[in-house]
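Inspection log for the structure reproduced underneath, given as structure tokens.
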Amino acid sequence: HLQLTMADSSSGASACKLGAAFFDQDCNALARALLGQRLVRVSEKSRVSGRIVEVECYLGRGDAASHSSNGKRTTRNQPMYMPPATAYVYSIYGMYNCFNISSRGDGNCVLVRALEPLEGQSEMLDRRLNSRSRRARKTTVTETTTDDEGRNSCAGIGCSNFTADVIARSNTTAATKSRSKQLKKHQLCNGPSKLCTALAIDKDTCNKEDLSTSEVLYLEPGDTVPPQRIVSCRRVGINGSGAEARD
């Protein structure tokens, strides 16, 4: 798990993309090289981008936390075995996405965990807001029922507190928008699923894209990051895979 200490950076667009040679590195080397680079997402409506500031390595066959552990191959993890620079986008919990980049070595990839927003911050905020609103409406409808006296009650075991919180947070669109606008710049993309939402990275449009040639998802040269600004620490959220995998 590698993280870049924050510093000022320019938000101007770069003139060129990073090519295949940049991605053709072993997983650890690519992870370090990705820090400071600009991730660009282009849609019909706009271009948004952010500087990569946090990544994680997943080292294939010998990594118990990797989707390709023990050489596992599935339709889902196929991009992990494709050439370096291939985007691997997968869904978690049925509503979130995570974005990875394949590296040299079978089944190896780098998870992009966080960005510093550069271009399109207003659009990123709108996407985060819309995603919150959809989840709140969906949860309110599916997780609540009406009892004999017309009161809302929880339909699932152990979900009453969660449902009540969702209802409170989604009483009106205006209230949700007001709270969402309190998001700070650094909160727009400070998590793997948050950045996917903010940049509209999903399986349908981005999975298996070749970042060295794609017109919709690619990297542009960013900052050169000195080693002393890179923090290495435990990987996040994989305790179930054991201490060795986590550390």
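Converting from the sequence shown to my numbering requires adding 12 to each position, the first position being numbered 1.
All C-beta atoms in this analysis are idealised placements derived from N, C-alpha and C, irrespective of residue type, glycine included.
Check your understanding: How would you write the range of the alpha helix (DSSP H) that Cys208 sits in, first residue to last?
Key -> Pro204 to Leu211
**Study point:** Closest by C-alpha distance to Lys29, when choosing among Ala126, Glu66, Gln49 and Leu200
**Key:** Closest in C-alpha terms to Lys29, from the list Ala126, Glu66, Gln49 and Leu200, comes Gln49.
Review point. Which class does Asn109 belong to by DSSP, given the choice of helix, strand or coil?
Key: Of the three classes helix, strand and coil, the one that applies to Asn109 here is strand, per DSSP.
Check your understanding: To which residues of the same chain is Pro233 closer than 8 Å at the C-beta, ignoring the five residues directly before and after it?
Key -> Ser26, Cys28, Leu30, Gln49 and Arg50
Exercise for review: Please state whether DSSP places Ala33 in a helix, a strand or coil.
Suggested key: Three-state DSSP puts Ala33 in a helix.
Exercise for review: Throw me the rounded Cβ distance for the Pro129 and Lys197 pair, which I believe falls under 8 Å.
Suggested key: The Cβ separation is near 6 Å, so the contact holds.
**Study point:** N-terminal and C-terminal residue of the beta strand (DSSP E) that Arg63 is part of
**Key:** Here the beta strand (DSSP E) through Arg63 covers Arg59 to Leu71.
Exercise for review: Leaving out five residues on either side along the sequence, give the residues of the same chain with a beta carbon under 6 Å from the beta carbon of Arg70.
Suggested key: Arg is not the amino acid found at residue 70; the sequence shown has Tyr there. The residues are Ser78 and Cys121.
Check your understanding: Just the Cα atoms here: how many angstroms apart are Ala210 and Leu42?
Key -> 24 Å
Review point. Looking at Cys39 and Leu127, is the spacing between their C-beta atoms short of 8 Å?
Key: no
Point to revise | Pro96 in three-state terms, based on DSSP | key: coil
Exercise for review: Below 7 Å CB to CB, which residues in the same chain sit around Ile64 once its five sequence neighbours on both sides are set aside?
Suggested key: Leu46, Leu47, Gly48, Gln49, Leu51, Val124 and Leu127
Exercise for review: Return the residue from the list Met92, Arg59 and Asp222 that minimises the CA-CA distance to Arg73.
Suggested key: Met92
Check your understanding: Arg241 to Ile213, Cα distance in whole Å?
Key -> 28 Å
Exercise for review: For Glu227, collect the residues of the same chain with a Cβ closer than 7 Å to its Cβ; drop the 5 residues on either side in sequence, then sort them by chain order.
Suggested key: Within the same chain, and ignoring the five residues on either side of Glu227 in sequence, the residues whose Cβ sits closer than 7 Å to its Cβ are Val54.
Exercise for review: Can you tell me which of the three DSSP states Cys39 falls into?
Suggested key: helix
**Study point:** Local Cβ density within 10 Å of Arg85, reported as buried at 16 or more and exposed below that
**Key:** exposed
Exercise for review: Quick one: residues in its chain with C-beta nearer than 6 Å to the C-beta of Gln199, no 5 flanking neighbours on either side, listed in chain order?
Suggested key: none
Exercise for review: Would you mind stating whether Thr271 and Ser114 have Cβ atoms separated by less than 8 Å?
Suggested key: Since the first residue shown for the chain is 13 and the last is 259, residue 271 is missing from the structure and cannot be characterised.
Review point. Tell me which same chain residues have a C-beta within less than 6 Å of the C-beta of Tyr230, skipping the five on either side of it?
Key: Lys29, Val52 and Leu223
Point to revise | Beta-carbon contacts of Gln15 that lie in its chain and below 6 Å, excluding the five residues immediately before and after | key: Glu66 and Val243
**Study point:** Terminal residues of the alpha helix (DSSP H) in which Cys218 lies
**Key:** Lys215 to Cys218
Practice item. Can you tell me which of His13, Asp36, Pro204 and Gly62 puts its alpha carbon nearest to the alpha carbon of Asp235? Key: Gly62
Exercise for review: In angstroms with no decimal places, state the Cα-to-Cα distance between Glu221 and Arg139.
Suggested key: 22 Å
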